[in-house]
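Visitor:
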Amino acid sequence: MLATAVVYINDAAGYPQRCRALLDSGSQVNFVTDACAQFLGLSKTKCFLPIVGINSMRSDAQRLQPVIMYSRFKNVNVSLDLHVLPSIANDMPSRLIRLDQSKIPDTVNEQLVDPSYDTPDKIYIFLGAEMFYTLFSGERVAITKSVVFHKTTLGRVLIGRVLNRDVIQSRPFACVCANDSTINSALSLFISKSSVRKDEKDDAEQHFKKTHFRDDSGRLVSLPLNTKLSSLGESKHMAQQRFFNLEKRLCKDKELCIAYHKFMSEYLDMNHMELII
């Protein structure tokens, strides 16, 4: 189970607003969801940060102006740099958790930075390694061998491996930063290119079947030409202009003109080109 915390961040008008945060050292920077940033009315900068997540998934995050974050108990406030992503994580925890409340000391319950740590809820802020290790202190209270309430400057947080018997319909969770629009665009481009390659492959196979033959030198097949003139683009005018410019240059330089004609004549003699009418 990953640690969650209830924190407060000042909105554009200066009023503190409740936000639920996920604490995880797996990220180098801190994030906020786009929906939360818009709700708070936070100002964005022109700085964009490329993000690489699990399995090399890529995304871009825009940086916000620094904000002030308060603990639930109002005893701590820190300046925070946040980067905006469309989404950060699914509801945390993934399912309702049942712990033996009799094993949790009253002093721990009173210091819980997220009183609803055991109930799935939305995550709006991701506090990464930039903040993670400055928040945690060495003191902790172990409920089981794997479940621990750590003390932080914000309050107590629950972290550790929760056994299956303590979780209702458990499922694993992984946090991956991704940009759906980028993935969809790349997927559409891949599908369209695959379709084009398939059509070209079919055309090439049909051309081979229709035109190939065998003689003493081996198997021969005619050169496939693209008959779809519309796909040639609008380069004719540009090609003509370059040809005319070349003619003007050759007219002004007699030696260059002679050398050019000699070179082109050799091309003709060697059958590297021919006149097409």
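Under UniProt numbering, the final residue of the sequence shown carries the number 277; numbering is consecutive throughout.
Cβ atoms here follow ideal geometry from the backbone N, Cα and C, with glycine treated the same way.
Could you give the first and the last residue of the continuous alpha helix (DSSP H) run that contains T107?
Guide: Unbroken alpha helix (DSSP H) run through T107: D106 to E110.
Visitor: How big is the Cα-Cα spacing for L82 and Q241?
Guide: Taking the straight line from one Cα to the other gives about 54 Å.
Visitor: Measure the Cβ-Cβ separation of L154 and V29 and say whether it is below 8 Å.
Guide: No, Cβ-Cβ distance for L154 and V29 is not below 8 Å.
Visitor: For I97, which option in L2, H212, R18 and L135 has the closest C-alpha, if you only look at C-alpha atoms?
Guide: For I97, the nearest C-alpha among the options comes from L2.
Visitor: Would you call the stretch 119 to 130 and the stretch 20 to 29 in contact, with 3 or more CB pairs under 8 Å?
Guide: Output reads yes: the stretch 20 to 29 touches the stretch 119 to 130.
Visitor: Compute the Euclidean distance between the alpha carbons of R252 and I258, then round it to the nearest angstrom.
Guide: The displayed chain sequence assigns Lys, not Arg, to residue 252. Approximately 12 Å, taken between the alpha carbons.
Visitor: Quick check on this structure: which residue in K44, I88 and P115 has the alpha carbon closest to the alpha carbon of Q101?
Guide: For Q101, the nearest C-alpha among the options comes from P115.
Visitor: Mapping the DSSP letters down to three states, classify E274 as helix, strand or coil.
Guide: Three-state result, E274: coil.
Visitor: Taking 8 Å as the cut-off, does the stretch 4 to 18 touch the stretch 139 to 148 (at least 3 CB pairs, one atom from each stretch)?
Guide: No, because fewer than three Cβ pairs between the stretch 139 to 148 and the stretch 4 to 18 fall closer than 8 Å, the two stretches do not touch.
Visitor: Which residue comes first and which comes last in the beta strand (DSSP E) that contains Y8?
Guide: From DSSP, the beta strand (DSSP E) with Y8 extends over A3 to N10.
Visitor: Alpha carbon to alpha carbon, how far is L158 from Y117?
Guide: Approximately 7 Å, taken between the alpha carbons.
Visitor: For the alpha helix (DSSP H) containing T152, list its first residue and its last residue.
Guide: That residue, T152, is in no alpha helix (DSSP H); its beta strand (DSSP E) goes V147 to T152.
Visitor: Which word fits H150, buried or exposed, when buried means at least 16 other C-beta atoms lie within 10 angstroms of its C-beta?
Guide: H150 is buried by the Cβ-count criterion.
Visitor: Please report how far the alpha carbon of G138 lies from the alpha carbon of T152, in whole angstroms.
Guide: Between G138 and T152, the C-alpha separation is close to 9 Å.
Visitor: For M69 versus V7, is the C-beta distance shorter than 8 Å?
Guide: Cβ atoms of M69 and V7: closer than 8 Å.
Visitor: Am I right that L49 and V67 are in contact with their C-beta atoms under 8 Å? What's the rounded C-beta distance?
Guide: 16 Å between Cβ atoms; not a contact.
Visitor: On the CB-based measure, 16 or more other CB atoms within 10 Å of its CB, does C36 come out buried or exposed?
Guide: Buried, since its Cβ has 16 or more Cβ neighbours within 10 Å.
Visitor: Please state whether DSSP places D203 in a helix, a strand or coil.
Guide: Reduced to three states, the DSSP call for D203 is helix.
Visitor: Compare the Cα-Cα distances from P16 to each of F73, D269, P105 and E255 and report the closest residue.
Guide: Minimum Cα distance to P16 is reached at F73.
Visitor: How far does the alpha helix (DSSP H) with L42 in it reach, from first residue to last?
Guide: No alpha helix (DSSP H) contains L42, which DSSP labels as neither H nor E.
Visitor: Can you list, in chain order, the residues of its chain whose CB lies under 6 Å from that of P224, leaving out five sequence neighbours each side?
Guide: If we look at P224 and ignore the five residues flanking it on each side, its Cβ neighbours are H207.
Visitor: Assuming A89 contacts S25 under a Cβ cut-off of 8 Å, what Cβ separation, rounded to an integer in Å, is found between them?
Guide: Contact doesn't hold; Cβ gap of about 15 Å is too wide.
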